[in-house]
Amino acid sequence: MKKIFFVLFIGLSAILVACGSKESAQQKTPASVAQGEAVNNTICPVTNAPIGSMGKPITVAYQGKVINLCCQGCVADFNREPEKYMAILQGQNSAEPAADEHSHH
261 MKKIFFVLFI GLSAILVACG SKESAQQKTP ASVAQGEAVN NTICPVTNAP IGSMGKPITV
321 AYQGKVINLC CQGCVADFNR EPEKYMAILQ GQNSAEPAAD EHSHH
């Protein structure tokens, strides 16, 4: 009987340690994003949607700047072509994203 409790204790301890590690990694990400210069954009460069229109804004860091995105789905698009979206933010590119670019909703 003691052997079963010992095995259960070890198993639960391993699960708790694994869960704690995941939280620590997630907590480091916002801190590193907060260290950059905030762009304070109110329009998502990926979808042209107002920031906050799809829930809590998501922030990404790129070249020392913190950019607001409208949703988590835009992070992959931004990371795939960051220069394109930075140009949109800076007003250097007048092309707006096509409506189908936001198909992940």
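Taking this note's numbering, the leading residue of the sequence shown gets 261, the next gets one more, and so forth. Every residue, glycine too, gets a C-beta built ideally from N, C-alpha and C.
Residue state for residue 348 is assigned as helix, using DSSP reduced to three classes.
If you draw a straight line from the Cα of residue 322 to the Cα of residue 342, it comes to about 8 Å. Comparing alpha-carbon positions, the option among 325, 320, 311, 326 lying closest to residue 337 turns out to be 320. Around the beta carbon of residue 328, 16 or more other beta carbons lie within 10 angstroms, which makes this residue buried. The three-state secondary structure of residue 342, taken from DSSP, is helix.
According to the DSSP assignment, residue 302 belongs to no beta strand (DSSP E), since it is labelled neither H nor E. A distance below 8 Å separates the beta carbons of residue 335 and residue 318. Taking C-beta atoms as the reference points, residue 314 and residue 331 count as a pair closer than 8 Å.
Inclusion of residue 297 and residue 324 in the CB contact set at 8 Å is warranted, their separation being smaller than that value.
Ranked by Cα distance from residue 340, the first of 306, 302, 261 is 306.
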